[in-house]
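Trainee:
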Amino acid sequence: MNIRPIQLGHWCAETTVYQADQYCLIVSFFSFLDLSVSCLRLALVSGWTPRWVTWETFSFRFFPGLPVSQAICVLKDKLVACEPKLSPFKPCVLCEYFYNTLIRHYQLYQFVLCRERDVEQTSAHLEICVPPQPLPLMAGINAEVWHYQQQLAALSAAEVEKRTNMLLLRETLHLEREHTLQRAYDELKSQAEILDRQILETLVKGVIGTQIQALQEILQTEIQTTFEILELRLQKRALILNPPVPYPPPFPLEERAKKSTKAQEQKKKKK
Numbered sequence: 001m002n003i004r005p006i007q008l009g010h011w012c013a014e015t016t017v018y019q020a021d022q023y024c025l026i027v028s029f030f031s032f033l034d035l036s037v038s039c040l041r042l043a044l045v046s047g048w049t050p051r052w053v054t055w056e057t058f059s060f061r062f063f064p065g066l067p068v069s070q071a072i073c074v075l076k077d078k079l080v081a082c083e084p085k086l087s088p089f090k091p092c093v094l095c096e097y098f099y100n101t102l103i104r105h106y107q108l109y110q111f112v113l114c115r116e117r118d119v120e121q122t123s124a125h126l127e128i129c130v131p132p133q134p135l136p137l138m139a140g141i142n143a144e145v146w147h148y149q150q151q152l153a154a155l156s157a158a159e160v161e162k163r164t165n166m167l168l169l170r171e172t173l174h175l176e177r178e179h180t181l182q183r184a185y186d187e188l189k190s191q192a193e194i195l196d197r198q199i200l201e202t203l204v205k206g207v208i209g210t211q212i213q214a215l216q217e218i219l220q221t222e223i224q225t226t227f228e229i230l231e232l233r234l235q236k237r238a239l240i241l242n243p244p245v246p247y248p249p250p251f252p253l254e255e256r257a258k259k260s261t262k263a264q265e266q267k268k269k270k271k
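Going by full-length UniProt numbering, the first residue of the sequence shown is number 1, and it counts up by one from there.
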């Protein structure tokens with residue numbers, strides 16, 4: 001028997017257009033399957049041709065937002081209109097079929113198929129980074145050895161930083177001293193064109209005081225920095241004198257001597 005697909009009304013096509021959430025899509029899909037299977041079962045059991053079992057006339061578009069009582073009245077009017085085209089017993093079967101399918105689950109169909117659809121879209125930006133190529137096993141070192149090397153490198157870097165800061169401070173004080181002398185000379189030049197003895201003595205005392213103050217700051221900084229560098233060197237020396245035990249640990253001298261004697265004896269036996 002050749003059975004064509006049964007037309008299920010405009011709402012079936014609309015359900016494929018709406019992009020609702022997953023729950024509504026699942027409920028709509030199973031409702032659609034339920035109605036489709038019921039229509040096919042009715043067509044096969046009753047012996048009707050598929051054109052009589054159609055939802056085009058009784059589609060859900062006649063019942064949007066109507067209560068159950070009004071939906072029953074509309075369904076009754078449609079059945080009365082189709083009654084002249086059907087056999088005497090078929091309107092009762094068709095009415096019972098619609099009551100067991102449409103009217104029984106009427107609230108569910110109203111909720112799923114007639115409510116407004118909310119379009120929800122969720123997007124996530126995902127970046128996948130390839131992990132870096134691991135180093136070869138030969139380049140690996142023991143954790144204690146690595147920590148020891150990091151301590152030595154940190155002490156060396158701190159010593160270099162101390163020396164650099166001392167040189168920068170010396171240059172800064174030298175530039176500041178030159179600016180102070182130039183400012184004193186400009187002030188003195190603006191006061192009088194001829195330098196007398198008192199003004200000259202004042203200028204010389206100011207220059208000497210500036211020089212002494214700059215040298216004092218440089219000397220104090222150098223002494224403090226020198227002590228700090230010596231402390232860093234002592235720590236570095238203590239680390240160098242106490243290196244970590246290598247892994248795997250070397251064989252003791254006695255075991256090395258025993259192995260060497262055994263190897264020599266085996267060579268002599270082979271000869």
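Just so you know, even glycine gets a beta-carbon here, dropped at the ideal spot from N, CA and C. Please read all numbers here as calculations on a predicted model, not as lab measurements.
With H, G and I counted as helix, E and B as strand and the rest as coil, what does DSSP make of Val130?
Mentor: DSSP places Val130 in coil when its eight states are reduced to three.
Trainee: Kindly give me the distance between the Cβ atoms of Leu232 and Ala158, rounded to whole angstroms, as I take these residues to be in contact under 8 Å.
Mentor: That pair is a contact at about 6 Å.
Trainee: If Leu173 sits next to Ala214, beta carbons under 8 Å apart, how far is it from one beta carbon to the other, in whole angstroms?
Mentor: 5 Å between Cβ atoms; contact.
Trainee: Using CA atoms only, rank isn't needed, just tell me which of Glu176, Ile199, Trp146 is closest to Glu187.
Mentor: It is Ile199 whose Cα lies nearest to the Cα of Glu187.
Trainee: From this set, Leu155, Leu234, Ser156, Val207, which residue's C-alpha is nearest Glu176's C-alpha?
Mentor: Per the Cα distances, Val207.
Trainee: Is it buried or exposed, Gln264, if we count other Cβ atoms within 10 angstroms and call 16 or more buried?
Mentor: With fewer than 16 other Cβ atoms within 10 Å, it is exposed.
Trainee: Which residue's Cα is closest to the Cα of Gln224: Lys162, Arg104, Phe111?
Mentor: Comparing Cα positions, the closest option is Lys162.
Trainee: Just to confirm, are Leu79 and Cys95 a CB contact at a threshold of 8 Å?
Mentor: Yes, the Cβ-Cβ distance between Leu79 and Cys95 is below 8 Å.
Trainee: For Thr180 and Thr226, I'd like the C-alpha separation in whole angstroms.
Mentor: Going from the Cα of Thr180 to the Cα of Thr226 covers about 28 Å.
Trainee: Output the boundary residues of the alpha helix (DSSP H) element that contains Arg197.
Mentor: Residues 197 to 241.
Trainee: Leu135: buried (16+ other C-beta within 10 angstroms of its C-beta) or exposed?
Mentor: Burial call: exposed.
Trainee: Grouping DSSP H, G and I as helix and E and B as strand, with all else coil, what is His179?
Mentor: If DSSP states are grouped into helix, strand and coil, His179 belongs with the helices.
Trainee: Report back the beta-carbon spacing between Pro244 and Glu144 to the nearest angstrom; my notes put them in contact at under 8 Å.
Mentor: Rounded, the Cβ-Cβ distance is 4 Å, consistent with contact.
Trainee: What does the alpha-carbon distance come out to for the pair Gln216 and Thr164?
Mentor: Those two C-alpha atoms are separated by around 19 Å.
Trainee: From what residue to what residue does the alpha helix (DSSP H) around Pro91 run?
Mentor: It spans 90 to 98 - the alpha helix (DSSP H) in which Pro91 sits, taken as one unbroken run.
Trainee: CA-CA distance, Asn142 and Glu127?
Mentor: Roughly 34 Å separates the two Cα atoms.
Trainee: For the alpha helix (DSSP H) containing Leu75, list its first residue and its last residue.
Mentor: Segment 68 to 82, the alpha helix (DSSP H) holding Leu75.
Trainee: Once you ignore the five residues that flank Leu230 on each side, which residues in its own chain have a CB closer than 6 Å to its CB?
Mentor: Around Leu230: no qualifying Cβ.
Trainee: In whole angstroms, give me the CA-to-CA distance for Leu203 and Leu234.
Mentor: So the alpha carbons of these two residues sit roughly 47 Å apart.
Trainee: Out of His125, Ser69, Glu116, Glu120, point me to the one whose CA is closest to Tyr99's CA.
Mentor: It is Ser69.
Trainee: Measuring only the C-alpha atoms, how far is Asn242 from Cys129?
Mentor: Straight-line Cα distance between these residues: approximately 42 Å.
Trainee: Could you tell me the distance, in whole angstroms, from the CA atom of Ala238 to the CA atom of Glu228?
Mentor: Cα-Cα distance, rounded: 15 Å.
Trainee: Return the CA-CA distance between Ser123 and Met138, expressed in angstroms with no decimal places.
Mentor: When rounded, the distance between both Cα atoms is 45 Å.
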